[in-house]
Structures are given as C-alpha cells and as structure tokens.
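What follows is a set of notes on a single structure, which appears directly below.
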Amino acid sequence: MKVILFSIGGIEIRSYGVIVALAILLAIGVAYYLSRGSEYQKHIPNLMTYVIFGAIIMARVWHVFFFQWNYYSSHLNEIFAIWNGGISIQGALVGGFIVAAIYTRIHRISFWELADVLAPAIILGQAIGRVACFLNGDAFGSPTGSNFGIVYPPGTMAFDVYGSQPLWPAEVWEGQWDLIVFAVLLILRTRTLPRGVMFLSYNILYAVGRFMLEFLRGDSPRYVLNWTAGQWTSVIVILVSSGLILYFLFQNKQNQQNQQIAASKVNVP
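Take 1 as the starting number for the sequence shown in full-length UniProt numbering and just add one per residue.
Listed below in structure tokens is the structure:
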C-alpha cells in the first residue's frame, strides 16, 4: 500500500491516479471490443472523452454535497480542490450516464442499446478503481473490533481517522463484488434480452452489493435509518431500475404479441 509511488521534478505521482487512469483505459478497451460489429464502436473513442469529463465533475459534486457537506460547508474554499481527494463513484456514474444520454440524443442513436454494450466495461473499470481506493487508503471500512482486518499505514486517510485499528476491507470486497457482476453480465450477453435490461441489471447488481457493503464503511456520515448517502442512492437505483426492467419486459411482450397478430392477419387466406 503506497499513496505516493514516486516524484519527478517535485511532482508527486500518486498510486490512485495511476490506477484510475489504468481502469479508464482498460474499460475503454473492453467497451471498444464488446461493441465490435455494431454501429456503436465508432462512437466509443469520442464518447469516452465527454463521459470522463462529465464523470469527474459529477463525482466531485456528489462527494461534496451528498457525502461530506458537513465538512465542505465550513470549508467552501476547498470544494474545487479535487487534487486533495474526494470523489464519488456513484456521482461519476450519474455524470457519465447524463453525458451519454445527451450524446446519444445528439447523434440519434439508442441510449439503451449503447448502455447495454457498455455495462460490462463500466463495472470492470469500477472493480479496478477500487484497487486505487485501497492503495490510497480511502473508502475504508469501520473497525472490526478484532485482529481481523486491514491496518492502514500512516499517511492514509484511514490511519488519520482510526490509527492502527484493523478495519473491514470494504473497498476490497466491493472490487471483488464488481468482478462477480462483470462475469454475470458477460453471461447475460449470451442471452437475448430486451434493450436496456442488461444495463439496468448492472445497476441493480452493483447497487445491491454497494448497499450491503456500506454497513461496513467507516468513512461516510449516516442519515435517516442510519444509512449512508451511498445506501440511499443504491436504494433509489434499485427501485428505479427494477421499475424500468418491468416496463421494458412488458413493452417487449406487447411488441411480440402485436407482431404475432400482424403475422396471423397476413396468413389469413
């Protein structure tokens, strides 16, 4: 675990930035591969430029206003100091999805079909990104109260909060959950699903894991029901995504029935 990898001319190269950059590059590569043979592949490089920009902005907004507003409300001058740390993956996802929706509308391509293609690449990027959190000592868990757990070294945010206490490996387990979701999505790609269902399944699977693991987090303030902002966000995502899946499945069934009726009329002598 090493927050700062090395320095070049007084510029610190941090493990967090290196791993996040690697996660983005690998996610883009996987997205480009998964979109082969489709009309969406040519859009991947251009789209990702805008998505990364939107994701960074919303990741910071989400962290400041939903996760740490108690702190930033008294330190307004630090809101834009993103180089000091503090971004939210859930905010990054929201920002990326908003930008993608705008992009698809401008270019007149299907947001849901594109989202289905990108879903496995997104969750793979998230899994690798949690390695960055581990090396940086953020997104850490609460004390385990036993000898089991991760003991973060001095210089990490986790050590600043809890010292040498063993903490739940919340970010490590989330990265492992993300890899499981990645595998499930690859399996789902072999099935014929209504458009949007793959992407919405990714939302639900990730949100379920995130909700459960938030009980172990030790870096987030808690609100109503003693839930974190991450848990409340996850619940909303699960409910909305589940509703949309039911709608798309119903819509697909109706379309199939209409096609059967139309075909039967054509075959009538």
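Every residue gets a Cβ at the ideal spot worked out from N, C-alpha and C, and that includes glycine.
Cβ of residue i within 8 Å of any chain C Cβ
i	result
T228	Absent here is chain C; the protein component of the structure consists of one chain.
Assigned secondary structure, residue i (DSSP; H/G/I helix, E/B strand, else coil)
i	result
G137	coil
T144	coil
L167	strand
I150	strand
R191	coil
R36	coil
Range covered by the beta strand (DSSP E) that runs through residue i
i	result
L5	I4 to I8
R14	I11 to R14
Counted within 10 angstroms of its Cβ, other Cβ atoms place residue i as buried (16 or more) or exposed
i	result
P169	buried
S15	buried
G37	exposed
I236	exposed
I150	buried
F97	buried
Y162	buried
T228	buried
Q251	exposed
S241	buried
F148	exposed
G29	exposed
V20	buried
L185	buried
A262	exposed
I180	exposed
V94	buried
D160	exposed
C-alpha gap between residue i and residue j, whole angstroms
i	j	result
N136	Q257	54 Å
T49	T144	41 Å
V18	F6	11 Å
S234	K265	46 Å
Y202	P153	34 Å
L22	Q260	48 Å
residue 270	K42	Only positions 1 to 269 of the chain appear in this structure, which leaves residue 270 out of reach.
E78	A59	15 Å
E39	V117	11 Å
I8	Y206	37 Å
S142	C133	15 Å
D138	S220	11 Å
I11	F80	20 Å
S73	N46	36 Å
Q68	T156	18 Å
I102	I44	14 Å
R189	F182	11 Å
F211	G230	7 Å
P166	V131	18 Å
Q176	F140	15 Å
G209	L200	14 Å
I4	I106	41 Å
K253	L239	21 Å
V172	A31	24 Å
A92	I204	17 Å
Opening and closing residue of the alpha helix (DSSP H) in which residue i lies
i	result
R105	I89 to H107
E171	A170 to L188
I56	I44 to W62
M1	First-last for M1: undefined, no H or E at that position.
D160	M157 to Y162
V208	V197 to L213
V223	The question names Val, but residue 223 in the sequence shown is Tyr. Taken as a continuous stretch (DSSP letters only), Y223 belongs to no alpha helix (DSSP H), as it is neither H nor E.
Y72	W69 to Y72
Residue i: CB within 7 Å of a non-hydrogen atom of the ligand ADP
i	result
I236	Among the components modelled here there is no ligand, and therefore nothing to report on the ligand ADP.
Within 8 Å, do at least three Cβ pairs link the region 112 to 124 to the region 192 to 200? Remark: three or more beta-carbon pairs, one from each stretch, lie closer than 8 Å, so the region 192 to 200 and the region 112 to 124 are flagged as touching.
Assess, as a yes-or-no matter, whether the region 118 to 128 is touched by the region 209 to 219 under the definition of 3 or more beta carbon pairs within less than 8 Å. By the Cβ criterion, the region 209 to 219 is not in contact with the region 118 to 128, since fewer than three pairs of Cβ atoms, one from each stretch, lie closer than 8 Å.
Assess, as a yes-or-no matter, whether the region 88 to 97 is touched by the region 59 to 73 under the definition of 3 or more beta carbon pairs within less than 8 Å. By the criterion of at least three beta-carbon pairs nearer than 8 Å, the region 59 to 73 is in contact with the region 88 to 97.
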